[in-house]
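Trainee:
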Amino acid sequence: MQNNLETLIDSNALVELIHTNTVNVIDARWYLDGRNGYDAYLKGHIPGSIFIDIDAVASDHRVSNHGRHPLPDSNAFQLALKTCGIDLSKPTVIYDDCGGVIAARIWWMNRRLGLKAAVLNGGIAAWDGPLEKGSTRISQFNGYDTPLAENNLGGWGPGVCDTQYVKTSIEKSSAIVLDARDESRYRGDSDPVDPRPGHIPGAISLPTRSLLDHNSYFPEVEQLRKTLMDRVGFEPKSGKEIIGSCGSGITACHLALAFKYAFSIEIEIYEGSFSAWSRETSLPVATGTAPGSLNTPNRFPLG
């Protein structure tokens, strides 16, 4: 594996960085099923790591129209990291216990701010050393007090898009939209958190977990490139815009990590993703395995 502080790093390289005290380590474990990531952190974490809750620190929930995990203001996020004990002058390695699917959100946010960051390939299971229990670092972060304006994206700049941008891109065929959620949610079999099951018409299913091996590691670059090219149907470096979507802008960042690692390219992130799209009553939702189109009848109206 290629170790670098732009995408992925292995546990041996992380050990060296920890021994020289030249890295921040973030535990980003979080669960959609209601389990508590901080409880997992207390039971055992990589020594010296700091727990960051993506609900509290990587999201600002006072914004009502940006989906379930709205991005906080970029400057406020940097201050929040400092408050949590992160030294912004050092690179940061982030891990979780699900192949980087959650950790990639904080990786992506750090990278958007020009900070060095990488995800631990394989997550906490890749760590061979002893785990530290309990918490010796108490975060003083108490939430954001300056909400985003309703009509902006918090200073994150190009690379983040909203619902109207995605809709226009699909209408003009100027971009390909990739849906990182599990296939059952894409098909619309059920949806535990959003008001209408299904997917954005025109979006192609690319479950982010399908990019990982059975131990939740990213494969070697050559294999990952082949998988991505097979799924998207074109050479990602061809210049066609790629938009990553998911449930609420978390898992889409894992797609961004994959494309950055495999092709050294940046993709757009649909901030609100399906949680924002499905709440817009005027927009159709497609079901089944086919991408569909924006002319797909809206089978699941709100109300």
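Numbering (full-length UniProt numbering), first residue to last: 1 to 303.
By construction, the Cβ of each residue, glycine as well, lies at the ideal position given by its N, Cα and C atoms.
The model shown is predicted, which means the values in this text are computed figures rather than measured ones.
Helix, strand or coil: which one does DSSP assign to Thr83?
Mentor: Translated into positions along the sequence shown, residue 83 becomes position 83. Helix.
Trainee: Can you check the UniProt domain "Rhodanese" (171-286) for any alpha helix (DSSP H) of at least 4 residues that lies completely inside it and give the ranges in chain order?
Mentor: Taking only runs of at least 4 residues, the alpha helix (DSSP H) segments lying wholly in the UniProt domain "Rhodanese" (171-286) are 183-187, 221-232, 252-263 and 273-277.
Trainee: Among Ser245, Gly247, Leu8 and Leu257, which residue has its Cα nearest to the Cα of Asn121?
Mentor: Within the sequence shown, the letter at position 121 stands for residue 121. Nearest C-alpha to Asn121: Leu8.
Trainee: Is DSSP giving Ile9 helix, strand or coil here?
Mentor: Start at 1 with the first residue of the sequence shown, and residue 9 comes out as number 9. The answer is strand: DSSP assigns Ile9 an E or B state.
Trainee: On the premise that Ala28 lies in contact with Ile86, defined as a C-beta separation below 8 Å, what is that separation, rounded to the nearest angstrom?
Mentor: Sequence index remark: in the sequence shown, residue 86 carries index 86 (1-based). Sequence index remark: in the sequence shown, residue 28 carries index 28 (1-based). Contact flag wrong, Cβ pair sits at about 12 Å.
Trainee: Run through DSSP, which three-state label would Ala168 get?
Mentor: As a working mapping, residue 168 is identified with position 168 in the sequence shown. Reading off the sequence shown, one finds Thr at residue 168, where the question assumed Ala. Of the three classes helix, strand and coil, the one that applies to Thr168 here is helix, per DSSP.
Trainee: Hey, Ala276 and Arg225: beta-carbon distance below 7 Å or not?
Mentor: For the purposes of this step, residue 276 is identified with residue 276 of the sequence shown, where counting begins at 1. For the purposes of this step, residue 225 is identified with residue 225 of the sequence shown, where counting begins at 1. Contact flag unset, no.
Trainee: Within 10 Å of its beta-carbon, does Gly48 have 16 or more other beta-carbons around it, so buried, or fewer, so exposed?
Mentor: Taking the first residue of the sequence shown as 1, we reach residue 48 at position 48. Under this definition Gly48 is an exposed residue.
Trainee: Report the CB separation of Arg181 from Pro207 in whole angstroms; it is logged as a contact under 8 Å.
Mentor: Here residue 181 is taken as the residue at index 181 of the sequence shown, counted from 1. Here residue 207 is taken as the residue at index 207 of the sequence shown, counted from 1. Indeed, because the Cβ distance is near 7 Å, the residues count as touching under 8 Å.
Trainee: Check whether the Cβ atoms of Asp73 and Gly155 lie closer than 7 Å to each other.
Mentor: Here residue 73 refers to the residue found at position 73 of the sequence shown. Here residue 155 refers to the residue found at position 155 of the sequence shown. In contact: Asp73 and Gly155 (Cβ atoms closer than 7 Å).
Trainee: Going by the beta-carbon positions, is the gap between residue 306 and Ala258 smaller than 7 Å?
Mentor: What is shown of the chain runs 1 to 303, which leaves residue 306 out entirely.
Trainee: In the DSSP output, which residue or residues are listed as bridge partners for Asp27?
Mentor: By 1-based counting over the sequence shown, the position of residue 27 is 27. Answer by DSSP bridge pairing, in chain order: Phe51 and Tyr95.
Trainee: Can Asp92 and Ile26 be called in contact, C-beta distance under 7 Å?
Mentor: Within the sequence shown, the letter at position 92 stands for residue 92. Within the sequence shown, the letter at position 26 stands for residue 26. The residue asked about is misnamed: residue 92 is Thr in this sequence, not Asp. Their beta carbons are under 7 Å apart, which means Thr92 touches Ile26 by this criterion.
Trainee: In the DSSP output, what is His45 paired with across the bridge?
Mentor: Mapped onto the sequence shown, residue 45 falls at position 45. Per DSSP, Glu132.
Trainee: Excluding the five sequence neighbours on either side, which residues of its own chain have a C-beta within less than 6 Å of the C-beta of Leu302, listed in chain order?
Mentor: Here residue 302 refers to the residue found at position 302 when the sequence shown is read from its first residue. Residue placement at Leu302 cannot be trusted, given a pLDDT of 45 that sits under 50; the coordinates are not used to answer.
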